[in-house]
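Chemist: Those letters in the sequence shown? Residues 1 to 371, by this note's numbering. We treat Cβ as the ideally placed atom computed from N, Cα and C, and that holds for glycine. Model, not experiment: these values are computed from the prediction.
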Amino acid sequence: MESGKDITQKVRQGYAEIAATGCGCCGSSQPDKLASQVGYSAEELAMLPDGANMGLSCGNPTALADLKAGQVVLDLGSGAGFDVFIAARKVAPSGRAIGVDMTPQMLDKARASIGQFTAKTGLSNVEFRLGEIEHLPVADASVDVIISNCVINLSADKPQVWREVSRVLKPGGKICVSDLALKKPLPETIREMAIALVGCVAGAVSIDQTVEMAKAAGLANIHWTEKEYAFDIMEDCNDHLYQSVKDALPKGQKLSDYIVSINLTAEKSVAETLTPVQKELIAIGASVTAHCQSCLIWHLDKARQDGASEKEIDMALSIGKAVQKGSVSAMESFVNEQQGRCVPSHESICTFKETKQEQDPKSGKSSCCGR
Ligand SMILES: C[S@@+](CC[C@H](N)C(=O)[O-])C[C@H]1O[C@@H](n2cnc3c(N)ncnc32)[C@H](O)[C@@H]1O
Numbered sequence: 001m002e003s004g005k006d007i008t009q010k011v012r013q014g015y016a017e018i019a020a021t022g023c024g025c026c027g028s029s030q031p032d033k034l035a036s037q038v039g040y041s042a043e044e045l046a047m048l049p050d051g052a053n054m055g056l057s058c059g060n061p062t063a064l065a066d067l068k069a070g071q072v073v074l075d076l077g078s079g080a081g082f083d084v085f086i087a088a089r090k091v092a093p094s095g096r097a098i099g100v101d102m103t104p105q106m107l108d109k110a111r112a113s114i115g116q117f118t119a120k121t122g123l124s125n126v127e128f129r130l131g132e133i134e135h136l137p138v139a140d141a142s143v144d145v146i147i148s149n150c151v152i153n154l155s156a157d158k159p160q161v162w163r164e165v166s167r168v169l170k171p172g173g174k175i176c177v178s179d180l181a182l183k184k185p186l187p188e189t190i191r192e193m194a195i196a197l198v199g200c201v202a203g204a205v206s207i208d209q210t211v212e213m214a215k216a217a218g219l220a221n222i223h224w225t226e227k228e229y230a231f232d233i234m235e236d237c238n239d240h241l242y243q244s245v246k247d248a249l250p251k252g253q254k255l256s257d258y259i260v261s262i263n264l265t266a267e268k269s270v271a272e273t274l275t276p277v278q279k280e281l282i283a284i285g286a287s288v289t290a291h292c293q294s295c296l297i298w299h300l301d302k303a304r305q306d307g308a309s310e311k312e313i314d315m316a317l318s319i320g321k322a323v324q325k326g327s328v329s330a331m332e333s334f335v336n337e338q339q340g341r342c343v344p345s346h347e348s349i350c351t352f353k354e355t356k357q358e359q360d361p362k363s364g365k366s367s368c369c370g371r
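1. Check this for me: beta carbons of residue 38 and residue 60, under 8 Å apart or not?
2. Counting beta carbon pairs with one atom in the stretch 296-310 and one in the stretch 199-208, are three or more of them shorter than 8 Å?
3. Whose CA, out of 201, 183 and 180, lies closest to the CA of residue 189?
4. Please confirm if the stretch 102-109 is in contact with the stretch 58-72, defined as three or more CB-CB distances below 8 Å between the two stretches.
5. Which of the three DSSP states is assigned to residue 67 in this structure?
6. Count the other CB atoms, across all protein chains shown, that sit within 10 Å of the CB of residue 89; report buried if there are 16 or more and exposed otherwise.
7. Excluding sequence positions up to five away, which residues of its chain have a Cβ less than 6 Å from the Cβ of residue 350?
8. Let me know if residue 214 comes out buried or exposed under the rule of 16 or more other beta-carbons within 10 Å of its beta-carbon.
9. Is it buried or exposed for residue 139, if we count other Cβ within 10 angstroms and need 16 for buried?
10. What number of angstroms, rounded off, separates the C-alpha of residue 348 from the C-alpha of residue 130?
11. Using only the alpha-carbon positions, how far apart do residue 290 and residue 71 sit?
12. Please report the distance separating the alpha-carbon of residue 21 from that of residue 276.
13. Quick one: Cα of residue 305 to Cα of residue 218, how far?
14. Where does residue 266 land, buried or exposed, given buried means 16+ other C-beta within 10 angstroms?
15. What are the boundary residues of the beta strand (DSSP E) that includes residue 101?
16. Skipping 5 residues on each side, what residues in its chain have a beta carbon closer than 7 Å to that of residue 134?
17. Grab the span of the alpha helix (DSSP H) containing residue 279 for me, first residue to last.
18. Excluding the 5 residues flanking residue 220 on each side, which residues of the same chain have their C-beta closer than 6 Å to its C-beta?
19. Using a threshold of 8 Å, state whether the C-beta atoms of residue 281 and residue 312 are closer than that.
20. Use the C-beta contact count for residue 68: other C-beta atoms within 10 angstroms, 16 or more gives buried, fewer gives exposed.
21. Where does residue 171 sit, in a helix, a strand or coil, going by DSSP?
22. Is the CB-CB distance between residue 80 and residue 125 below 8 Å?
23. Less than 8 Å between the C-beta atoms of residue 144 and residue 73, yes or no?
24. What residues in its chain sit with their C-beta under 6 Å from that of residue 319, if we drop five residues either side in the sequence?
25. So what's residue 81 in DSSP terms, helix, strand or just coil?
26. What residues are listed by DSSP as bridge partners for residue 224?
27. Specify the secondary structure class of residue 75 as computed by DSSP and reduced to three states.
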């Protein structure tokens, strides 16, 4: 079995050759056709620097991302800069698009295109960094949106990629991925073909595995869709890469029997930014509010184990009591109001507001209280 380093080296070598020859994945002979079939507009493609679209993508992650001006976007495995240039226009003028790629030849191509991008668009909000997506050269919690187009399947350590995604996303940030996924295990012969690895086929895993990795990294709100059409475009072409893989398939089988093209989105939940102590303090307050004594005992114990101070615990208990009292008072006041009476509650409605009694000059009824 090959080590992760060997796999990474093969992938890097494969993409160095593709960068040099411009020839690799299917569609490279007609990259704009492939791109427009997966939803890139003619205008988006026209504004790209020459050669940025190498026909290496298998989806349109920027279309999923609903990008807004001012956002910081990071493209994992940016190749010649295709989606970075597309994203940069969507987040302009104050936002930035950063591409990370481990193949120096790809990075050279992307960087060489920045001048033409600026000339066409007047923008200079793109940047390309050399690095592996398993060890992103990007600061913690600094990115609004991560995009990736046909890259994560190439990684020899996918769980680590997802952990990095979680690390660099801001709380509330999201990732939008287009990639290839396995419908069923590939024949051994194909799994061992370097060309199938570089062609984004041999390294693919199932959607369930991807979802598990994203969840384990702390991401939430995970959604995906499958789309056959993008893969069929590749399958129909005469590219030598896909042709070799097709030839190695058992008789009567098609690549699309094994591989599907997917779009997946996930978010870094804001809750993930809470410390264990903060989570326990919230749970203490919620236990009081919910009158759940066994929950309270459990969370008090856990909070102390996690290092919460007695002062913090006391505050959480007080807030829980206040919220609980507030809801009782609010209901009491509401009932009073329905009865045309105002019996000022012992505390105010929501405890934090002052109670006051007002009389409606028309009806003479008192109304409650502190709203
Ligand atoms: C299929 S191409 C996609 C390029 C680009 N996303 C596009 O759609 O045009 C894969 C790219 O990912 C890069 N790549 C593959 N594995 C990588 C890794 N582990 N870390 C960083 N870049 C990687 C390759 O160098 C290559 O440029």
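Modeler: In short, the structure shows the following:
1. Yes.
2. With a cut-off of 8 Å, the stretch 296-310 and the stretch 199-208 do not count as touching, because too few Cβ pairs lie within range.
3. Here the closest residue by C-alpha is 201.
4. The answer is no - the stretch 58-72 does not touch the stretch 102-109, with fewer than three Cβ pairs under 8 Å.
5. In this structure, DSSP gives residue 67 a state outside helix and strand, which the three-state scheme calls coil.
6. Label assigned to residue 89: buried.
7. Confidence in residue 350 is poor, its pLDDT being 44 and thus under 50, which makes the residue's placement unreliable; the coordinate value appears in the next sentence. Within the same chain, residue 350 has close Cβ partners 326.
8. Residue 214 counts as buried, since at least 16 other C-beta atoms from the protein chains shown sit within 10 angstroms of its C-beta.
9. Exposed, since its Cβ has fewer than 16 Cβ neighbours within 10 Å.
10. Residue placement at residue 348 cannot be trusted, given a pLDDT of 47 that sits under 50; what the coordinates show is reported in the next sentence. For residue 348 and residue 130, the distance between alpha carbons rounds to 60 Å.
11. Spanning the two alpha carbons is a distance of roughly 39 Å.
12. Going by the C-alpha atoms only, they are around 51 Å apart.
13. Approximately 22 Å, taken between the alpha carbons.
14. Result: buried.
15. Residue 101 -> beta strand (DSSP E) spans 96-101.
16. Cβ neighbours of residue 134 beyond the five flanking positions: 155, 157, 160, 161 and 164.
17. Boundaries of the alpha helix (DSSP H) around residue 279: 276-289.
18. Answer for residue 220: 267 and 269, listed in chain order.
19. Cβ atoms of residue 281 and residue 312: closer than 8 Å.
20. It counts as exposed.
21. In the structure shown, the three-state DSSP call for residue 171 is strand.
22. Going by C-beta atoms, residue 80 is not nearer than 8 Å to residue 125.
23. At the C-beta level, residue 144 and residue 73 come within 8 Å of one another.
24. If we look at residue 319 and ignore the five residues flanking it on each side, its Cβ neighbours are 285.
25. The answer is coil: DSSP assigns residue 81 none of H, G, I, E or B.
26. The bridge partners DSSP lists for residue 224 are 264.
27. Note: residue 75 maps to strand in three-state DSSP.
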